[in-house]
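Which chain is which? The protein sequence lines are A and B, in order. In terms of my numbering, the first sequence opens at residue 19 and continues consecutively. In terms of my numbering, the second sequence opens at residue 19 and continues consecutively. See below for the structure under consideration.
2 protein chains.
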Amino acid sequence: MITIYDLAKKTGFSSTTVSKALNNYPDVSKKTRQAILDTAAEMGYLPNAHAQSLSTKKSWTIGVMFSEDNEIGMKHPFFSAVIESFRKQAEKEGYDLILASRNLRNRGSSYLEHFKYRGVDGIVVICSDPNDPQVQEMIDASIPIVVIDMSNQNCSVVFSDNLSGGALAINYLYSLGHTKIAHISGEPSIYAGQVRIQGYKDAMKKLKLPIIEGYLVNGGMFSIEEGAKAMDKLLDLKEPPTAIFVAGDHMAIGAMEAAKKRGYNIPDDLSIIGYDDIEMASYVTPKLTTIKQDTDAIGIRATQLLMKQIIQKKKIITEEIIPVELMERESCKRLKKK
Amino acid sequence: MITIYDLAKKTGFSSTTVSKALNNYPDVSKKTRQAILDTAAEMGYLPNAHAQSLSTKKSWTIGVMFSEDNEIGMKHPFFSAVIESFRKQAEKEGYDLILASRNLRNRGSSYLEHFKYRGVDGIVVICSDPNDPQVQEMIDASIPIVVIDMSNQNCSVVFSDNLSGGALAINYLYSLGHTKIAHISGEPSIYAGQVRIQGYKDAMKKLKLPIIEGYLVNGGMFSIEEGAKAMDKLLDLKEPPTAIFVAGDHMAIGAMEAAKKRGYNIPDDLSIIGYDDIEMASYVTPKLTTIKQDTDAIGIRATQLLMKQIIQKKKIITEEIIPVELMERESCKRLKKK
DNA sequence: CTCTTGATCGAAAGCGCTTTCGTTGATGTT
DNA sequence: AACATCAACGAAAGCGCTTTCGATCAAGAG
């Protein structure tokens, strides 16, 4: 490994001057700067990030963590899309992402501890569980942080407009003539799940539609299987709904499967609208009408918020709500009058 | 931030002894070790990774890079699944992953340079393009490296058994009575694409089946749209195939769409088999029969290979081929005799 | 010709940690 | 009593870089 001392020796300047030249300090003449830069290039010099960070207390890294109750980590399309957007954006600013574990060598440690150990400049967490103690710990710490997909009063958060999303869905179904509208919700202890439930209730109320007993069923952790189970429950009702707003595309797809299995035709017998707009939504049959989350915008906004905090060296508390969009496809249909 | 000097002052020992206690050196008595550990815990001491790395030349990080011609990065289910598996495994060994950019602050630099700058202990790259110069550069460097999804004579590689995968697919179609079997291939300059083509040809030859003119069509970069286009070409043939082996699930899904659009019924009129077994494969209609890549095993094997090189401090050149598996679902059917 | 100014450069300390090597004192040996 | 042995500890250098604070010297001011 070649160091600034090697460059110093080669060019005849001191290591101080070399360092200054490399860092564009004003007190080094054009000529010597150029000489140093040239031999640096020639010798293939690369700075040592660890030494730099040790000296400057800045690592140009951002720690990313997702709460993985569901154990699927990066495999969830929503998560990975958001992170990918975030990564691209952070890259432009010169930051690398570090995916940290809870496992500080042998000794198990918290994510916060791990991030402190790594000396990250900021943290981004994708978490839907507002009560995750690990996340709380990070929020309460002084490191710049932005959390995605949940709300919190003590830090920067960015998430989709789940409330309007619910309204969008319900109003759309209503516009198709549906009144018996059910909701397969996500786990209410998950932020997104809870708010979408609220969106459903609010929208129903505003339309003066009754929420019939049994129409609000908890689909749990947003999986396909749970969506199917929830659908079964709805279909077991004496008076099944004609339309269903499902809080996640995976669940919606599971729900469609379950309905089809019982002989229902979608959208003829049953309209279904999902949430997320994962890739799969466009390719199932029928193509799933859904509320699209703007993962790009979420990642971009999150990066901006984090950068701002890093630069200003103070945490800013704010809530960024990213608009959602109705993706009209094939799984919903105008209710036939009987 | 609290340092070993703080611990030293507090406990009355030297920083040397503190460091040794923390690192389980033998020449420190049980009693003082315990005392030091206790006050470390009490004061909330955390080591500084940068200082540690600077001193030891070991960073406990692994750089990950994916070649992103297709610009989808982590959003591809195969990539993200492999990385997720890799991450879990590496975590057990105490390593963090760092997703590096090409952008070393302002100055654009190569991935290799960036990884050197970061002082990673090893590199994992997911790359299908055997000619990517960036990847070549890394392979030729002395840093431990493992590359996934392509072959190379100069480093450790792990990839699926694409050859057998092709045979599996063809033999399966043949067992259903198909003889007019086409192949929608991936871009031949992509390793996986090329080998699957070979697998197709070999298997056809072994079965003494002719590859009719026009039956081998290049589907390009594995996207849904390109799959659809490729299917159109096949269907334009005077003598269209009765079965198609498609080199990727996305393309296969696109192909099915295109066929359906032209009035074909799958699998009645046309059998289709894909490659990858992405999640979507199980939920399109008909459910896609496909060759499953074992992403978990790939990630695990890659981690092991990388660890071994890091520990032995020498690169090992080897090829790990991970078995694939036929997932029989609904998109293939026995050929009706006319 | 002396003094100030400003442009360039360097010495040295410091960032937090590891590791070599030496010191000290206690214990056991003969 | 003199010696070797060993366990426990610390001084100090080094990892590669940044940054403060002076030092130096030439040019311009008076």
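Idealized CB from N, CA, C, for every residue including glycine.
Should the stretch 211–224 of chain B be regarded as contacting the stretch 171–185 of chain B, the criterion being three or more beta carbon pairs within less than 8 Å? Judged by Cβ distances under 8 Å, the stretch 211–224 of chain B makes contact with the stretch 171–185 of chain B, as three or more pairs qualify.
Test item: CB-CB of B/E338 and B/R319 under 8 Å: In contact: B/E338 and B/R319 (Cβ atoms closer than 8 Å).
Looking at A/H196 and A/A273, is the spacing between their C-beta atoms short of 8 Å? Taking 8 Å as the Cβ cut-off, A/A273 and A/H196 do not qualify as a contacting pair.
Just to confirm my understanding: we take B/A159, look at its own chain, exclude 5 residues before and 5 after, and list those with CB closer than 6 Å. What are they? Excluding positions up to five away in sequence, the list reads L130.
Assign B/D21 to one of three DSSP states: helix, strand, or coil. The amino acid at residue 21 of chain B is misidentified as Asp; the sequence shows Thr. In this structure, DSSP gives B/T21 a state outside helix and strand, which the three-state scheme calls coil.
8 Å Cβ cutoff, B/T308 in contact with chain A: No, B/T308 lies away from the interface with chain A (no Cβ there is under 8 Å from its Cβ).
Helix, strand or coil for A/K310? Go by DSSP, reduced to three states. A/K310 sits in a strand when the DSSP states are folded into three classes.
Run through chain A and tell me which residues come within less than 9 Å of B/V302, C-beta to C-beta. Residues of chain A passing the Cβ test: M298, Y301, V302 and T303.
With a cut-off of 8 Å, does the C-beta of B/P162 fall near any C-beta of chain A? Closer than 8 Å: no.
So, is the C-beta of A/K134 closer than 8 Å to a C-beta in chain B? By this cut-off, A/K134 is an interface position.
Check the Cβ-Cβ distances between A/A185 and every residue of chain B, and say whether any is below 8 Å. A/A185 is outside the set of residues whose beta carbon lies under 8 Å from a beta carbon in chain B.
Give me the Cα-Cα distance between A/E348 and A/I284, rounded to the nearest whole angstrom. Rounded to whole angstroms, A/E348 and A/I284 show a C-alpha spacing of 9 Å.
Please identify the residue among A/A53, A/Y113 and A/Y233 whose C-alpha is closest to the C-alpha of A/Q322. Out of A/A53, A/Y113 and A/Y233, the CA that lies nearest to the CA of A/Q322 is found in A/Y113.
Taking the straight line between their C-alpha atoms, what separation do you get for A/F133 and A/I340? So the alpha carbons of these two residues sit roughly 27 Å apart.
Under 9 Å between beta-carbons, which chain B residues line up against A/D287? List them in chain order, please. Within 9 Å Cβ-Cβ: nothing; A/D287 doesn't reach chain B, min ~16 Å.
Give me the residue from B/P259, B/P228 and B/A200 with the minimum Cα distance to B/N236. The option with the nearest alpha carbon to B/N236 is B/A200.
So B/N172 is in the beta strand (DSSP E); what residue range does that whole segment cover? From DSSP, B/N172 is part of no beta strand (DSSP E); its letter is neither H nor E.
Given a cut-off of 8 Å, decide if B/G266 and B/F240 are closer than it, judged by their beta-carbon atoms. Yes, the Cβ-Cβ distance between B/F240 and B/G266 is below 8 Å.
My guess is that B/L306 and B/L194 are in contact by the Cβ rule of under 8 Å, so how many angstroms apart are they, rounded? Separation of the CB atoms of B/L306 and B/L194 is rounded to 15 Å, and the pair is thereby denied contact status at 8 Å.
Give, in chain order, every unbroken run of the beta strand (DSSP E) that is at least 3 residues long and sits entirely within the stretch 58–137 of chain B. With a minimum length of 3 residues, the continuous beta strand (DSSP E) runs that stay inside the stretch 58–137 of chain B are 79–84 and 114–117.
Based on the DSSP secondary-structure assignment, which residues constitute the bridge partners of A/H196? In DSSP, A/H196 forms no bridge with anything.
Who are the near neighbours of B/V164 in its chain, counting only those whose CB is closer than 6 Å to its CB and skipping five residues on each side? Once the five neighbours on either side are set aside, the close Cβ partners of B/V164 are V142, S174, A320, L323 and L324.
Three-state secondary structure assigned by DSSP to B/G317: Reduced to three states, the DSSP call for B/G317 is helix.
Short of 8 Å Cβ to Cβ, which residues in the stretch 54–81 of chain B face chain A? Cβ contacts with chain A come from L64, P65, N66, A67, H68, A69, S71, L72, S77, W78 and T79.
Name the two residues that bound the continuous alpha helix (DSSP H) containing A/D294. Careful: A/D294 lies outside any alpha helix (DSSP H), inside the beta strand (DSSP E) at S289 to D294.
Contact with chain B by A/E155, beta-carbon distance below 8 Å: By the rule that beta-carbons nearer than 8 Å mark a contact, A/E155 does not touch chain B.
Which residue marks the beginning of the beta strand (DSSP E) containing B/G140, and which one marks its end? Residue range G140 to I144 is occupied by the beta strand (DSSP E) that includes B/G140.
Determine the DSSP secondary structure at B/I334, reduced to helix, strand or coil. In the structure shown, the three-state DSSP call for B/I334 is coil.
Below 8 Å between beta carbons: does that hold for A/I271 and A/I242? Closer than 8 Å, so yes.
How big is the Cα-Cα spacing for B/P95 and A/D139? For B/P95 and A/D139, the distance between alpha carbons rounds to 29 Å.
B/K310 and B/D295 closer than 8 Å at C-beta: Yes, the Cβ-Cβ distance between B/K310 and B/D295 is below 8 Å.
Under 8 Å by Cβ, that's how I've got B/I144 and B/I166 pegged, so tell me the actual separation to the nearest angstrom. That pair is a contact at about 5 Å.
For the beta strand (DSSP E) that A/E275 lies in, which residues bound it at each end? If you look at A/E275, you'll find it isn't in any beta strand (DSSP E); it sits in the alpha helix (DSSP H) that goes D267 to K279.
Between the C-alpha atoms of B/A118 and A/L255, what's the straight-line distance to the nearest angstrom? Rounded to the nearest whole angstrom, the CA to CA distance from B/A118 to A/L255 is 53 Å.
Starting from B/A261, follow the beta strand (DSSP E) in both directions and report where the run begins and ends. Counting along the chain, the unbroken beta strand (DSSP E) around B/A261 starts and ends at A261 to V264.
Beta-carbon proximity of A/I80 to A/A99, cut-off 8 Å: Going by C-beta atoms, A/I80 is not nearer than 8 Å to A/A99.
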